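Below: the structure, in structure tokens.
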Amino acid sequence: MDKYQPKNFEEKWYQRWEQANRFAPSGDGTPFSIAIPPPNVTGTLHMGHAFQHSLVDSLIRYRRMKGNNTLWQMGTDHAGIATQLIVTEQLAAEKIKPSDLGREKFVGKIWEWKEKSGNTISEQLRRLGASLNWETERFTLDEGLSRAVLEVFVSLYEEGLIYRGKRLVNWDPVLKTSISDLEVASDEEEGHLWHLRYPLADNPKEFVVVATTRPETMLGDTAIAVHPEDPRYKALVGKSILLPLTERTIPIISDSYVDQEFGSGCVKITPAHDFNDYDMGKRHGLEIINIFNEDASINEQAPKKYWGLDRYEAREIILKDLEDMGMIEKVEAHMLSVPRGERSGVIIEPYLSNQWFVKTKPLAEPAIKKVEEGEIEFIPKNYENTFFVWMRDIQDWCISRQQWWGHRIPAWYDNEGKVYVGRDEEEVRHNNHLKDDFFLSQDEDVLDTWFSSSLWTFSTLGWPDRTIELKTFHPTDVMVTGHDIISFWVSRMIMMALKFVEEVPFKKVYVTGMVTDANGQKQSKSKGNGLDPLDIIDGISLDDLIVKRTTNLLQPKMAERIAQNTKREFPNGIQTYGTDALRFTFYSIATRSRTIRFDMNRVEGYQHFCNKLWNAANFVFINTIEGEIGNGVSNNDVIDKWIVSELNHTIQLVDQAMDRYRFDLAAKAIYEFVWDELCDWYLELVKPILNNPEIDNQLVQTKRFTLITVLEQTLRLAHPFLPFVTEELWQKLPGKIRGEGKTIMSQPYPSLNQTLIDPSAKLDITWIKEVVTGTRNIRGEMDIPHSTPIPIIFANGSDMDKSRLYEFQSLLEYLIKPKEIQWSESTDKQPPSSTHLVGEMQLLVPLKGLINKELEIIRLDKEIERKINDKSRTAKKLGNNNFISKAPLEVVNKEREKLIEIDSALTKLKEQRLKIASL
RNA sequence: AGGAAUGUAGCUCAGUUGGUUAGAGCAUCGCCUCGACAAGGCGAGGGUCGUCGGUUCGAAUCCGACCAUUCCUACCA
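The opening residue of the first sequence carries number 0 in numbering that gives the first Met the number 0; numbering runs sequentially from there.
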């Protein structure tokens, strides 16, 4: 058999599965379904996706093999702003602006781009082995889902849960659109606090000083505010000031929102450009003056001098003008949190505009209730708090975007600006009895992408039609996603599903940790520390990796640093690991922690594991290919009973782990079974029988049968986690063992057979392990090579030891490679030896010609010291009357027995040391 | 500012309702080509479980305070 080379077979198997339509739901088992969090259609797979989808795929494959009628619903998201941005940038390279093309042509360009690059992510998912049902793949802008969006919009509007209004929203002046609170990220940045002097209207020689971080907004000030209790300013309340640079006089008001301690204790109020000021403006009936255009340049509400200036140009000039007038008291350095648009990276402006909103409170209440009642369960549970905190203080959701790519808002306006909402223009005219020549124009805006995503679990299943799919697979069983998406998406799906299909969208929410780089840094394009999962699967050279990380950077000056960091982290690039190794890594690191540092060393370790499994299978094939494989009629010996018992124990562990979404524990159980039990012990224990021509053929056949059936079950057990290598190996099994099945992925999952758990077999094997490990310890410590046979004496053993030696002597001879094994009733008159204790029994390896006396004394001293420590710990416990009287009897007895054992061992070791020392 | 999470070996992480000597992988150090596997085998070293207190016969585990890191929410102009 060839070496383990994942690239030789991984893609092949995926193609065969897909061609044979293995990913479609089938059978009449209990339905089990998961909806994929729709990736951005024009995006690429990042490590977080690969991680989540690997977890989901194991759940899906596990359930499918368990006989569930299983659906993993595939689909992608149109990602409005992100996609429009990409295409806009591409056109910019050809010096074309979207406005040059007009709406229709521009949207056409995006569709072209979608057709071209839309399957990148699908191909990546295939490489991951994701057993998604491609047949029913959906896209948020396709006909069916668009129908669902219309239906929901119209019905929420009719119920008064969608409304249009002029509000202050987060405005991206580069993208020229509103964005939701969630798409704004605030970070601390260095700035300044300018203290400006505003002269009093009735006494322009006197000033009130206000502090601001955004001096340019002063052009839109409509009041200044002080705290009602502030003695410095009490007398001024009700007076007015002359707003510099403008011709306006504005009032001084009092409001307890003002913090007396901050700045001068006096704050300028700009209702059109600050959320708090907006609220305050409403409270006091202040004028609202918007001084910005859509691109945040100064508009005609400001003095002519500043018209058309960009907000930051305007700032400089305004400051200079104020300075010239002597109106700047002082400037301080100041850290402030600056809101930036997630997509464009520019500073977001609060901006007054007409927008559409969803009234969320009435939708949130039932959603909160379902989670409280446990109908939806978050795993880990504490993420429910994140959900509750968000939902209990939920703000209305601004759903209109001033973009072209997306679901156009189904609202029409007449000449007077009256709004008509309906599924299409025809319906609007009909319902409102409007003649065909009555002027109507449709709203230019599109809906927030998350609006369509919020319908995802049911719109993908055919809603608003009551399809059989919807009936069968909704609610879905679990949603697997990152914590950053709980408020964006999870909460909104819950609200919408409850509203429109009157059931929860999923029963469980498994919140994964966030995959970071080896330094715990979030992976991102701008930091240049992101990894493409395919580069771990296929490998990539250092040069290619640097190119990949440094092209299309938003900040090109970062390129040099990114290249340096990449060189340091991956001096030799990334080698080829294959999908299975990557996947197994994901399972192993899927613990309950919220950040997961991705460590390439672990991928390497799990690649070795795949290799180990490969080679173990190879061993099995070599030993079963020629001779007869028995029929399983058991004259199983204790060794076979033991490995079957271990296998069943592992099956149990995997089931328990999967029930609790502990992918790490499932992976660990499989890893340990394959490597530590099957490879390290069972295959070794079986060799002397398989390779011995004198052994009874019946026994050899039984061994072969156990060997190959244990392998076959192990492959099935591991398949959800290692889909490719298990399929490749399973296909090499003889048909007699494999059965009629065409693929491992449709075979039944191994299930626990409690009657095969055999504790007594385990005790026997444990004894063998102890004896073998004991002699290996002596060999290892004494540097005696495996090739040198050593004489060994079993002294002072019990009847049980004796009978076990009798039973397993030939095995032990194979494993220990002794010159001979002697049995001795007592330790008297034995030659000076190196000793290892197995319970009461002593393993003796005579020193003569093999072992250095001093080395043995050192080894014994180490052992003795350990025992002395144990003894004092145990004796101390037993010397404590409180322990004796309060601890449970069995714990006390355990300690008593332990003390006896330690004492006996200690005595023997000390005797032994005396004996050696006296030589 | 409020809320949450995390802190265990050099690194990345397990450790279930408190109960043998706190485990694994990687890394380190010896020895070994023995017919599945050097992507391997065997052996060894390595930890005051963030700090301090409390509860308890007994604490990595439960409670409190503090320190450090991280995230979320709200932001003081």
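A virtual CB, placed ideally from N, CA and C, is assigned to each residue, including glycine.
All values derive from a computational prediction rather than experimental measurement.
For K175, the CB contacts under 8 Å within the same chain, skipping 5 residues up- and downstream, are E293, D294, Q401 in chain order. Distance from the Cα of T221 is smallest, within the candidate group N289, G262, H191, S263, for N289. Excluding its 5 nearest sequence neighbours in each direction, E374 has C-beta neighbours in its own chain below 6 Å: V503, listed in chain order.
Per DSSP, S587 is not a residue of any beta strand (DSSP E); the alpha helix (DSSP H) it occupies stretches across 578-588.
In this structure, the alpha-carbon of R428 lies about 59 Å from that of Y232.
Between E910 and G519, the alpha-carbon positions lie close to 54 Å from each other.
Taken through DSSP and simplified to helix, strand or coil, D186 comes out as strand. Along the length of the stretch 738-824, whole beta strand (DSSP E) runs at least 3 residues long occupy 789-794, 817-823, reported in chain order. H432 counts as exposed, since fewer than 16 other C-beta atoms from the protein chains shown sit within 10 angstroms of its C-beta. Per DSSP, reduced to three states, the secondary structure at A717 is helical.
With contacts defined by Cβ atoms closer than 8 Å, L235 and I249 do not form a contacting pair. One Cα belongs to M557, the other to A517, and the distance between them is close to 19 Å. Residue pairing by DSSP places S440 opposite Y412 in a beta bridge. Note that the stretch 473-489 touches the stretch 21-33; at least 3 beta-carbon pairs, one per stretch, sit closer than 8 Å. In terms of Cβ geometry, G79 and W404 form a close pair [threshold 8 Å]. Here A81 has N39, T41, G42, R342 as same chain residues with Cβ atoms under 8 Å from its own Cβ, once five neighbours each way along the sequence are excluded.
Taking C-beta separations shorter than 6 Å and ignoring five residues to either side along the sequence, the partners of L351 in its chain run L167, A271, N289, following chain order. Scanning its chain for C-beta atoms nearer than 8 Å, with the 5 sequence neighbours on each side dropped, one finds around S239 the residues L199, A200, D201, T248, I249, P250, I251, in chain order. Counting along the chain, the unbroken beta strand (DSSP E) around H835 starts and ends at 832-837. Residue pairing by DSSP places N39 opposite D76 in a beta bridge.
Straight through space, the alpha carbons of K94 and E88 are spaced by roughly 9 Å.
With respect to the 8 Å criterion, F793 and M744 are not classified as neighbours on the basis of their beta carbons. Excluding its 5 nearest sequence neighbours in each direction, T584 has C-beta neighbours in its own chain below 7 Å: R601, V602, Y605, listed in chain order. Counting along the chain, the unbroken alpha helix (DSSP H) around A496 starts and ends at 490-499.
If you compare the alpha carbons of L160, F377, F672 with that of Q394, the shortest gap goes to L160. When secondary structure is reduced to three states using DSSP, N622 falls in the helix class. The way I'd put it, the stretch 8-19 doesn't touch the stretch 47-55; fewer than three beta-carbon pairs between them come closer than 8 Å. Note that the C-beta distance between E348 and P172 is below 8 Å.
Of the residues S832, H785, I764, the one whose Cα lies closest to the Cα of E806 is I764. For H226, there is no enclosing beta strand (DSSP E), as DSSP marks it with neither H nor E.
Apart from sequence neighbours up to five positions away, the residues of its chain that approach F274 with a beta-carbon distance below 7 Å are L167, P349, ordered along the chain.
The alpha-carbon separation between A363 and D658 amounts to approximately 29 Å. In this chain, the beta strand (DSSP E) harbouring S253 covers 248-253. For the pair I694 and R778, the Cα-to-Cα distance works out to about 30 Å. A contact between stretches requires three or more CB pairs, one per stretch, nearer than 8 Å, and the stretch 704-712 meets this requirement with the stretch 615-623. Counting of Cβ neighbours within 10 angstroms places S440 among the exposed residues, the total staying below 16.
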